[in-house]
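*Asks:*
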Amino acid sequence: MVFSVTREEAFFAPKKSPAEIEAKKHAVAAKVKNGGLPLGDPSLPANVNQAFDAFTRANQAITDNNPKEAIELFKKACELDPIRKIYWASLGSAYNNAGDQESASKAYLEVYQRDVYDLFNLTSLGYASQVLRDDRAARRYYLMALTVRPDAPDAWQEMFNVLHGMNLDRFYQPVQEMIQSPESIENIDLVYKINQTALDDDPNDYYCLVNRAMMKIRALRLVDAQEDVTRALKLQPQGPGALLAQADIYNKAGQTEKAMAAYRSILQFSPQPVAYAELGELEMQLGQTDKALHDFGKATELGNDKPSWLDTYNKLRDMNAKRIDAEAAAKATAAKGSAKPNPLPAPLPALDSIVKATADADAKATVKAGP
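Residue numbers for the sequence shown, in our numbering: 50 to 420.
(1) Use the C-beta contact count for Phe169: other C-beta atoms within 10 angstroms, 16 or more gives buried, fewer gives exposed.
(2) Suppose contacts are defined by Cβ-Cβ distances below 8 Å. Is Pro322 in contact with Leu351 by that definition?
(3) Output the distance between the C-alpha atoms of Ser230 and Asn300, rounded to the nearest integer angstrom.
(4) Under DSSP, the alpha helix (DSSP H) around Met193 begins and ends at which residues?
(5) Could you tell me the alpha carbon to alpha carbon distance between Asp297 and Gln337, rounded to whole angstroms?
(6) Should Gly141 and Ser173 be called a contact, given that it needs their Cβ atoms to be closer than 8 Å?
(7) Looking at Tyr255 and Ala281, is the spacing between their C-beta atoms short of 8 Å?
(8) According to the Cβ coordinates, are Ala147 and Gly175 closer than 8 Å?
(9) Distance, Cα to Cα, Leu292 vs Asn260?
(10) Check Pro94 in the structure and name its three-state DSSP category.
(11) Within its chain, find whatever has a CB closer than 7 Å to the CB of Pro289; leave out the 5 residues flanking it on each side and keep chain order.
(12) Identify, in the order they occur along the chain, each residue of the same chain with its Cβ nearer than 7 Å to the Cβ of Ala119, setting aside the five sequence neighbours on each side.
(13) Could you tell me how far apart the beta carbons of Leu171 and Val197 are, in whole angstroms, since I believe they sit closer than 8 Å?
(14) Comparing C-alpha positions only, which one of Pro252, Asp250, Asn253 and Asp277 sits nearest to Met263?
(15) Using only the alpha-carbon positions, how far apart do Gln222 and Ile228 sit?
(16) Which runs of the alpha helix (DSSP H) at least 4 residues long sit entirely within the stretch 92-163? Give them in chain order.
(17) Could you spell out the range, first to last residue, of the alpha helix (DSSP H) harbouring Pro202?
(18) Please name the residue, chosen from Tyr312, Val240 and Glu232, that lies closest to Leu12 on a Cα-to-Cα basis.
(19) Assuming Gly214 and Asp184 make a contact with CB atoms under 8 Å, what is their CB distance in whole Å?
(20) Considering just the uninterrupted stretch of the alpha helix (DSSP H) at Leu351, what are its terminal residues?
(21) Go ahead and label Val272 buried or exposed: buried means 16 or more other beta carbons lie within 10 angstroms of its beta carbon, across all protein chains shown.
(22) Given Ala204, which residues of its chain have a CB within under 6 Å of its CB, disregarding the five upstream and five downstream residues?
(23) Among Pro94, Asn114 and Asp130, which one has its Cα closest to the Cα of Ala100?
(24) Helix, strand or coil, according to DSSP, for Asn253 in the structure here?
(25) Could you pull out every residue in the same chain whose Cβ sits closer than 7 Å to the Cβ of Ala186, ignoring the five residues on either side in sequence?
(26) Go ahead and pull the three-state DSSP assignment for Arg270.
(27) Quick test of your reading: Glu327 and Ala341, contact by CB under 8 Å. State the CB separation rounded to the nearest angstrom.
(28) Cβ atoms of Ala348 and Trp358: under 8 Å apart, would you say?
(29) Alpha carbon to alpha carbon, how far is Phe104 from Ser139?
(30) Which residue marks the beginning of the alpha helix (DSSP H) containing Ile178, and which one marks its end?
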């Protein structure tokens, strides 16, 4: 599973979530051509460019201190181009800044449906739940963030605050240690233990079942992970987190065809960039570079904050360009070698041979004629 996130995502606390971060992510996406997000391109569908225009005007409204207009414009962008998580994330941030945490949470959940592993979004969900004084929900979302990125110090800091509010004092000291040393090898064990408290409170917490399955997959406990995934899918048959975990189990077990089919099935109803990236990885292993190029392009377009995907996409694009050039050159060479030679006249004899032959012919004619 690809869990890469930017350092910016990992270390921004959700309470510091300005629209500038979303605009910066969009700026990265806008630079990506072909497989990426060339917004403003006249060749794109009208709704895509109209959504981008609304998004641009919404950010300007924020700059002009007009939050109500910004919210309406972000909503318009989401309606026109609902596949883009960046528009939903921006809408959530706008609601957050306006103090409407319930609406912010709904927008952030829309982001989750489009990218299960967006760390910034998960911590934003946790923060919104804290403001709404829903400690259990906040614990769940910070656990989701820490399952994706166990070394995120801001998520650990907020988790400490949540645990304090829930009187789970046995975790105070180890969590404080994680805040100071978030890269400790013990952090995933601590995430697992805290996640278990959530499942003790509610054994049917879909999200925490998925968390536990992901951690078991990481530890290659695939049989145990399958049990959690099966339970989670009974609760949410189309839950993208559980479906991705199922695909990952196939992938880790070396069942490539099943894994690829599972990733593709997810994409039929949930545009998860990580599913495209995992498909691309498997296609690269199979030598299917054209398909891998397409899928890494989609991963980059939809999850534009993952620089490693963009790097892979660019490498594949360069490889394909070189391959196409080489194939064209080979065809040209083959065509040249197999062509029939043009008919040419026989080479002329040397001039002195012509003169000698003419003189001999004249001498013979003179002898025959006689005096």
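Just so it is clear, CB atoms sit at the ideal spot from N, CA and C, and this is done for glycine as well.
*Replies:* By the coordinates alone:
(1) Buried.
(2) Yes, the Cβ-Cβ distance between Pro322 and Leu351 is below 8 Å.
(3) Distance between the alpha carbons of Ser230 and Asn300: 32 Å.
(4) Judged by DSSP secondary structure, Met193 falls within the alpha helix (DSSP H) whose first and last residues are Asp184 to Val197.
(5) Rounded to the nearest angstrom, the two C-alpha atoms are 20 Å apart.
(6) Yes; because the gap between Cβ atoms is below 8 Å, this pair is in contact.
(7) In this structure, Ala281 places its C-beta atom within 8 Å of the C-beta atom of Tyr255.
(8) Cβ distance not < 8 Å, so Ala147 and Gly175 don't count as in contact.
(9) Each residue's alpha carbon lies about 12 Å from the other.
(10) The DSSP-derived three-state label of Pro94 is coil.
(11) Excluding sequence neighbours, Pro289 sits near Gln162, Val165, Ile315, Ser319 and Gln321.
(12) Close CB contacts of Ala119 within its chain, under the 7 Å cut and outside five residues either way in sequence, are with Ala107, Ala110, Ile111 and Ala143 (chain order).
(13) For Leu171 against Val197, the beta-carbon gap comes to about 7 Å, under 8 Å, which counts as contact.
(14) For Met263, the closest alpha carbon among the candidates Pro252, Asp250, Asn253 and Asp277 is that of Asp277.
(15) Taking the straight line from one Cα to the other gives about 10 Å.
(16) Listed in chain order, they are 95-112, 116-129, 134-146 and 150-163.
(17) Pro202 to Gly214 is the span of the alpha helix (DSSP H), which, as asked, contains Pro202.
(18) With the chain covering 50 to 420 only, the question about residue 12 has no answer from this structure.
(19) The Cβ separation is near 5 Å, so the contact holds.
(20) That run of the alpha helix (DSSP H) goes Thr338 to Leu351.
(21) Within a 10 Å sphere around the beta-carbon of Val272 sit fewer than 16 other beta-carbons, which makes this residue exposed.
(22) In chain order, Thr172, Tyr191, Ala194 and Leu195 place their CB closer than 6 Å to the CB of Ala204, counting only its own chain and leaving out the 5 sequence neighbours on each side.
(23) Ranked by Cα distance from Ala100, the first of Pro94, Asn114 and Asp130 is Asp130.
(24) Here Asn253 sits in coil by DSSP.
(25) Ser178.
(26) In the three-state reduction of the DSSP assignment, Arg270 falls in the coil class, being assigned neither a helical nor a strand state.
(27) Rounded, the Cβ-Cβ distance is 11 Å, inconsistent with contact.
(28) With respect to the 8 Å criterion, Trp358 and Ala348 are classified as neighbours on the basis of their beta carbons.
(29) For Phe104 and Ser139, the distance between alpha carbons rounds to 9 Å.
(30) In the sequence under discussion, the amino acid at residue 178 is Ser, which differs from the Ile named in the question. Leu168 to Val180 is the span of the alpha helix (DSSP H), which, as asked, contains Ser178.
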